[in-house]
Amino acid sequence: MLQVRNLHKSFGGFKAVNGANLQVADGEIVAVIGPNGAGKTTLFNLITGILSPDGGQVMFKGEDITGLPAHRTCKKGITRSFQVVNIFSRLTVFENVRIAVLSQQGKTFNLFTPSRRLVTDETASILKSVGLMKKKDSVCGALSHGDQKVLEIAIALGGKPELLILDEPTAGMSPEETARCIDLIKELRSSMGLTILFCEHDMEIVFGIANRIMVMVRGATIIQGACDEVRCNQAVQDAYLGGGDVCSV
Amino acid sequence: MGARKSIVALVIVLAILAIAPLGLPRFYTYLIALIVTTGLLSTSLNFVLGFGGIYQFHHAVFYGAGAYGAAIMIAKLGYSGWLGFVAGPLVAAALSFIIGLICVRLSKLYFGMLQISLGSLVWAIVYRWYGFTGGDDGIHGIPMPELVGSPLGAYYFALIVGGLSLLVMHRILNSPFGSTLQGIRDNAVRSQAVGVNVRRHQLAAIVIAGFFGGVAGVLFVVVDNSVFPDMMFWTLSLEITIMALLGGWLTFLGPMLGAAVIVCLRTFVSGFTDYWTLILGILLVLVILFLPEGLLGYVLEAWKRRTSESAEG
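So, in structure tokens, the structure goes:
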């Protein structure tokens, strides 16, 4: 579904992404891991068009989407959540998701129908699926951090994605919230048939839900493969997992 | 505030305004018409400023464009008044499209600075082009259609057109376009990520705001039968920005309230002292320090708190 080939991006002299490669097949859950500053978020920004790459290629469903602006990649079927909570803080939970649904349906240039009459069912069903329906009228700036992270995912779902990209979905969550979030991600794949690409620091989560793992170090892909293959790879252990023998864990 | 209560309040206000000329001296109807005109201008600015988060620092230029568009159509080119009234807002919308197209690629303060520059350029042209715009004298004694030729006719025209414009803007702000605009204000990157073409929506909002700024300009022509370059001087832009801040820039009717306060202050206090702007300045400092959401913003907030308390208790 998604192929990233030899992607490059520099900021000034700093090579944030320096030869990233990634394959995501239909229906897979793929994790990107790597130390802080490895370029994971930049990679996601390049795929979704928030940033434009200096070199390399991004193919989605056989189509070249390299450098396409964010609002276009979203319409192609790639939506994302953000690592640092990035929501419409003055609006309610419901309104947050509704904007995404309105945009997905191409209704944002409708000038005269009241918004409250449109897409309420679609919005409600998304909120139900992530368990935020009870809080739909809360101004989302006032939600707990965990709920805001879930709202992130809900907004991304509003774009009716085929490929959902989650940038550290559980960062800053309590253990209970994390458990709930993991269940949610699994549920999204099984019930909605979504393909999911995510990055995460918590190895338990990564090995728990990913089908395949891509490892980035200093902007470059060092390996992509099945969990066991990655876990036992010497280069990964040296670079990232601390050099100890984790293969037997 | 419940929708029904708001409608009742609105109807009462409209009814009072409708019968006001019967009991009030002519000066006061002129004053009310001026408040409606200036308030509409400030509301149209707030459409992009408060609801769009776009720093349109020189909005008055579209007020001037609407007024001059109508005045020149009527007084220089000899078209009928009604045609001039339609042409004014269209001229303003066209100008806002051109200026908006140039500025919209910049963000926040950079947008504001470029917008002031381009607006001032338009002002300079109008100020100097004696043959066409009347230069710094402006154009006076613009002939009006009979229906709006009398002060009373002008008053009702301003009231009706001003009211309709407010309704349309209110409607737009509650539409998907309005929701999207407010989403862009709160978080442009997120808006992009859900598939919104941010620049295109901002440009559309700028054109809509410019159009209604132009409508306000036409109202001024009808009420005052004259235009002059001060209408698009940057100080007026500052004044209507202050009105929006004073009244509450996150509320729809805040700018109208701000306009009422400032126009009254200017009219009545300037009779006693030349330093009325000093009083305005102190008032503004107090509002910014103690009521950062503006007068109406504060009232609505207090209202919400009371109703939620009584609902809980």
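Protein chains in written order, with the numbering used here: chain A, 990 to 1238; chain B, 1036 to 1348.
Glycine included, every Cβ here is placed at the ideal spot set by N, Cα and C.
Residue 1137/B and residue 1153/B do touch by the CB rule: their CB atoms are close to 7 angstroms apart, below 8 angstroms.
The closest CA to that of residue 1225/B, considering only 1140/A, 1194/A, 1119/A, is found on 1140/A.
Close to residue 1155/B, with beta-carbon spacing below 7 angstroms, lies no residue of chain A; the smallest spacing is near 31 angstroms. Taking C-beta separations shorter than 8 angstroms and ignoring five residues to either side along the sequence, the partners of residue 1122/A in its chain run 1113, 1116, following chain order. Here DSSP, grouped into helix, strand and coil, assigns residue 1209/A to strand.
Scanning the region 1017-1067 of chain A for uninterrupted alpha helix (DSSP H) segments of 4 residues or longer gives 1029-1037, 1059-1065, listed from N- to C-terminal end. 1058, 1059, 1060, 1061, 1062, 1063, 1064: these are the residues of the region 1044-1064 of chain A whose beta carbon lies less than 9 angstroms from some beta carbon of chain B, given in chain order. For residue 1115/A, there are no neighbours in chain B by C-beta distance under 9 angstroms, as the nearest C-beta there is about 12 angstroms away. Against chain A, the CB of residue 1236/B has a partner CB under 8 angstroms away; the residue lies at that interface.
From the listed residues 1142/B, 1123/B, 1252/B, the smallest Cα separation to residue 1271/B is found for 1252/B. Under DSSP, residue 999/A forms a beta bridge with 1004/A. Its Cα nearest to that of residue 1129/A, the residue 1076/A stands out among 1076/A, 1199/A, 1043/A. For residue 1190/B, the closest C-alpha among the options 1305/B, 1275/B, 1156/B, 1259/B is that of 1259/B.
Counting only residues of its own chain and dropping the five nearest sequence neighbours on each side, residue 1244/B has a CB closer than 6 angstroms to the CB of 1079, 1082, 1083.
The region 1088-1100 of chain B makes contact with the region 1150-1167 of chain B, as at least three CB pairs between them are under 8 angstroms. Taken in chain order, the members of the region 1144-1164 of chain A whose beta-carbon sits within less than 9 angstroms of a beta-carbon on chain B are 1144, 1145, 1147, 1148.
In the DSSP annotation of this structure, the continuous segment of the beta strand (DSSP E) that includes residue 1187/A starts and ends at 1184-1188.
For residue 992/A, the pairing in a beta bridge is given by DSSP as 1012/A, 1048/A. Under DSSP, residue 1174/B shares a beta bridge with 1262/B. Short of 7 angstroms from the beta carbon of residue 1302/B, and not among the five residues preceding or following it, lie these beta carbons of its own chain, in chain order: 1066. Residue 1156/A: member of the beta strand (DSSP E) spanning 1152-1156, first to last residue. Our two residues, residue 1297/B and residue 1095/A, have alpha carbons roughly 41 angstroms apart in a direct line.
About 18 angstroms separates the CB atoms of residue 1037/A and residue 1174/A; that is not less than 8 angstroms, and the two are not in contact.
Under the 8 angstroms criterion on CB atoms, residue 1215/B is classed as interfacial with respect to chain A.
Per DSSP, the continuous alpha helix (DSSP H) segment holding residue 1103/B begins and ends at 1095-1106. Annotation: residue 1109/B is outside any alpha helix (DSSP H) and is labelled neither H nor E by DSSP.
Between residue 1248/B and the set 1127/B, 1039/B, 1111/B, the nearest pair of CA atoms involves 1127/B. Between the alpha carbons of residue 1300/B and residue 1294/B lies a distance of about 10 angstroms.
If the five residues before and after residue 1087/B are omitted, its C-beta is found closer than 6 angstroms to the C-beta atoms of 1216, 1220, 1240, all from its own chain and listed in chain order.
Residue 1112/A carries a helical assignment under DSSP once its states are collapsed to helix, strand and coil. Setting aside the 5 residues that flank it on each side, residue 1075/B is surrounded in the same chain by 1197, 1200, 1251, each with a C-beta closer than 6 angstroms to its C-beta; the list follows chain order.
By the 16-neighbour rule on beta-carbons within 10 angstroms, residue 1109/A is exposed. Under the 8 angstroms Cβ criterion, the region 1182-1199 of chain A counts as touching the region 1015-1033 of chain A, having at least three qualifying pairs. Scanning the region 1162-1221 of chain B for uninterrupted beta strand (DSSP E) segments of 3 residues or longer gives nothing; none is fully contained. Within the DSSP bridge table, the entry for residue 1214/A names 1202/A as partners. For the alpha helix (DSSP H) assignment, the uninterrupted runs of no fewer than 4 residues enclosed by the region 1083-1133 of chain A are, from N- to C-terminal side, 1109-1119.
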